[in-house]
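Notes follow once the structure below has been shown.
In my numbering, the protein residues as written are 48 to 319.
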């Protein structure tokens, strides 16, 4: 669907740049300004800085004198207004209204209308719209910066149109098959018995619990190799149980005896 973003009497040049950036990030490019404060707003330094690279959107943007000119060709117009108007169009959240609109079989030329930073949307402009979009912000502080409001609406509309694909930051990994998991668990069971953690005569439910744990985790082939390596190290007496017993013995000795250290170790910076 064709999409146009229309800004009425914008007073801050930076917001025009922010609007251009918001549109470009969501894949839109039709920006129309109705009677902005600055006739040269598209070329002002602040506008260009805030556009942050969306110069093509600024280059294609148009400035018109009246809203009628901006609405040329638009068939479905959405106002952005926090406060519902008496006798105005229905008020909906952006997602509530845009999701079904994005699935509509009838192509529309959709326009999004944003009011001035100084006084918002005039009633007569809202009355011309098919719907008033209200961003569900905190009622105690619901006033958004113009650039932020445009970004939110542009995002919701892009989402309703199907969005852009999100690429994985890393290549997808393949989960290990059931045979590899079973082999790893057998390895762990032998190692746990060897270090005395598991009593083979009364294993209870430890291994079934570990089986369920790894079923939920869905480890990869590489992770299975790591777990097997851990099991192998546990089962090596010189690095496993013997070191544990030695560490326990040292800890017991240290807690019951006063250990005297050489002066040089206590004061490494001192010398005779």
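Idealized CB from N, CA, C, for every residue including glycine.
Apart from the five residues on each side of it in sequence, which residues of its chain come closer than 7 Å, Cβ to Cβ, to residue i?
| i | result |
| --- | --- |
| residue 91 | 60 and 85 |
| residue 202 | 73 |
| residue 145 | 203, 204 and 207 |
| residue 275 | 231 and 234 |
Tell me the residue span of the alpha helix (DSSP H) that contains residue i.
| i | result |
| --- | --- |
| residue 268 | 268–281 |
| residue 29 | Because residue 29 is not part of the residues shown, which for the chain are 48 to 319, the question remains open. |
| residue 179 | Run containing residue 179: none in the alpha helix (DSSP H); it sits in the beta strand (DSSP E), 178–180. |
| residue 200 | 193–207 |
| residue 95 | 92–98 |
| residue 115 | 114–117 |
| residue 147 | 141–149 |
| residue 171 | 170–173 |
Assuming contact is defined by CB atoms lying nearer than 8 Å, are residue i and residue j in contact in what I supplied?
| i | j | result |
| --- | --- | --- |
| residue 163 | residue 57 | yes |
| residue 267 | residue 223 | yes |
| residue 170 | residue 124 | no |
| residue 54 | residue 66 | yes |
| residue 278 | residue 238 | yes |
| residue 104 | residue 70 | yes |
| residue 179 | residue 136 | yes |
| residue 257 | residue 235 | yes |
| residue 138 | residue 181 | yes |
| residue 95 | residue 64 | yes |
| residue 194 | residue 62 | yes |
| residue 93 | residue 122 | no |
Please classify residue i as buried or exposed, where buried requires at least 16 other C-beta atoms within 10 Å of its C-beta.
| i | result |
| --- | --- |
| residue 229 | exposed |
| residue 271 | buried |
| residue 158 | buried |
| residue 262 | exposed |
| residue 101 | buried |
| residue 153 | exposed |
| residue 213 | exposed |
| residue 265 | exposed |
| residue 165 | exposed |
| residue 211 | exposed |
| residue 294 | Unreliable positioning characterises residue 294 in this predicted model, as indicated by a pLDDT of 47, which lies under 50. The coordinate reading is nonetheless provided below. So residue 294 ends up on the exposed side. |
| residue 249 | exposed |
| residue 52 | buried |
| residue 244 | exposed |
| residue 117 | buried |
| residue 75 | buried |
Check for me: the beta strand (DSSP E) holding residue i runs from which residue to which?
| i | result |
| --- | --- |
| residue 123 | 123–127 |
| residue 78 | 78–81 |
| residue 109 | 109–111 |
| residue 234 | Element bounds for residue 234: not the beta strand (DSSP E) but the alpha helix (DSSP H), 225–241. |
| residue 59 | Residue 59 -> no beta strand (DSSP E), and no H or E assigned at all. |
| residue 88 | It is not in any beta strand (DSSP E) - residue 88 carries neither H nor E in the DSSP assignment. |
| residue 54 | 49–55 |
| residue 158 | 156–161 |
Below 8 Å CB to CB, which residues in the same chain sit around residue i once its five sequence neighbours on both sides are set aside?
| i | result |
| --- | --- |
| residue 150 | 207 |
| residue 269 | 220 |
| residue 172 | 55, 114, 126, 160 and 162 |
| residue 185 | none |
So, at 6 Å on beta carbons, what are the nonlocal neighbours of residue i in its own chain, with the 5 sequence-adjacent residues on each side left out?
| i | result |
| --- | --- |
| residue 227 | 271 |
| residue 312 | Model confidence at residue 312 stands at a pLDDT of 36, short of 50, so the residue's coordinates are unreliable; what they give is reported in the following sentence. Once the five neighbours on either side are set aside, residue 312 has no close Cβ partner at all. |
| residue 233 | none |
| residue 128 | 168, 173 and 179 |
| residue 200 | 141 and 159 |
| residue 97 | 61, 64 and 65 |
| residue 83 | 57 |
Taking contact to mean 3 or more Cβ pairs, one atom from each stretch, closer than 8 Å, check whether the stretch 75–82 and the stretch 111–127 are in contact.
Touching, yes.
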